[in-house]
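Enquirer:
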Amino acid sequence: MARLFVGIGLPETYRQSLSPLTTSLSRLTDNCINWSRPDTWHLTLKFLGETEEARIPAIKDALSTLDFPRFTLQAGGAGAFPNAQRPKVLWLGLAQGADQAAGLASGIEDALAAVGVPREQKRFRPHLTLGRVRRPGPGNHQPLLDAAAQTQWPPFTVNRFTLYQSTLAPTGATHTVLAEFALAG
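Taking this note's numbering as reference, the numbering of the sequence shown is continuous, increasing by one, and the terminal residue is 169.
In structure tokens form, the structure reads like this:
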């Protein structure tokens, strides 16, 4: 079995900015937060979970059929799932490209459903995970989210999406690229 997801890798400018941001944010909270690591930071389009390795070729073939145009993405704003009062996940939103990311995610859902991958039941909400709260509890996390939202992120062109294998370890997940799929010029 392989733990799979489809996502958009982030440019170096984003990855280089993550550690200074999370270091400054960690000073604003007493909560134990597992911050995202720069080397694995991405935007998830579809989480497949544990998948039989024999199904990977069909998944790759299905994803290769997508015909979707390149688009511009830019992070902006911040929030929390399920909410800022009891957050489990802290995230950055998208100031630009949210509709296009949702369209790409929808196309991926359709392509994978055709090869028997179950559709996601929850509405797709494009975001970049900053961190996961280890012991969620009540508190005012709005100052932390406000500080995260102040960071200025440059726009970048999304010209491909990636099928990743995620391997869990005590030190955090590692992501291996299984295939990349170009978006139309």
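No residue lacks a Cβ here, since even glycine has one placed at the ideal position from N, Cα and C.
If you scan the stretch 21 to 103 from start to end, which runs of the beta strand (DSSP E) of 3 or more residues do you find wholly inside it?
Expert: Correct list: 26 to 35, 55 to 65 and 73 to 80.
Enquirer: Out of Thr(-3), Ala85 and Leu129, which has the shortest C-alpha to C-alpha gap to Lys72?
Expert: Sequence index remark: in the sequence shown, residue 72 carries index 88 (1-based). Of Thr(-3), Ala85 and Leu129, the residue nearest in Cα terms is Leu129.
Enquirer: Return the CA-CA distance between Phe140 and Gln80, expressed in angstroms with no decimal places.
Expert: Here residue 140 corresponds to residue number 156 of the sequence shown, with the count starting at 1. Here residue 80 corresponds to residue number 96 of the sequence shown, with the count starting at 1. Cα to Cα, Phe140 sits roughly 10 Å from Gln80.
Enquirer: Is there contact here, the stretch 132 to 149 with the stretch -8 to -1, by at least three beta-carbon pairs under 8 Å?
Expert: The stretch 132 to 149 is in contact with the stretch -8 to -1.
Enquirer: Quick one: give me the first and last residue of the alpha helix (DSSP H) that Leu129 is part of.
Expert: To locate residue 129, count along the sequence shown from 1; it is residue 145. Where Leu129 is concerned, the enclosing alpha helix (DSSP H) stretches over Gln126 to Ala133.
Enquirer: With a CB to CB cut of under 8 Å and the five nearest residues on each side skipped, what residues in its chain are close to Trp75?
Expert: Here residue 75 refers to the residue found at position 91 of the sequence shown. Same-chain partners within the cutoff: Ala62, Gly63, Ala64, Phe65, His111, Leu112, Thr113 and Leu114.
Enquirer: Below 8 Å CB to CB, which residues in the same chain sit around Gly91 once its five sequence neighbours on both sides are set aside?
Expert: As a position in the sequence shown, residue 91 is number 107, starting the count at 1. So the qualifying residues of the chain are Leu50 and Phe52.
Enquirer: The ligand MN and Gln105: does the residue's C-beta get closer than 7 Å to at least one heavy atom of that ligand?
Expert: This structure lacks the ligand MN; in fact it carries no ligand of any kind.
Enquirer: Considering just the uninterrupted stretch of the beta strand (DSSP E) at Arg(-13), what are its terminal residues?
Expert: Stepping through the sequence shown from its first residue, residue -13 is reached at position 3. Run containing Arg(-13): Ala(-14) to Gly(-7), per the beta strand (DSSP E) assignment.
Enquirer: What number of angstroms, rounded off, separates the C-alpha of Ile43 from the C-alpha of Glu93?
Expert: Numbered from its first residue, the sequence shown carries residue 43 at position 59. Numbered from its first residue, the sequence shown carries residue 93 at position 109. Rounded to whole angstroms, Ile43 to Glu93 spans 11 Å at the Cα level.
Enquirer: If contacts are defined as beta-carbon pairs under 8 Å, then Leu32 and Leu(-12) qualify, I think. What distance do you get, rounded to the angstrom?
Expert: Mapped onto the sequence shown, residue 32 falls at position 48. Mapped onto the sequence shown, residue -12 falls at position 4. Confirmed, about 4 Å.
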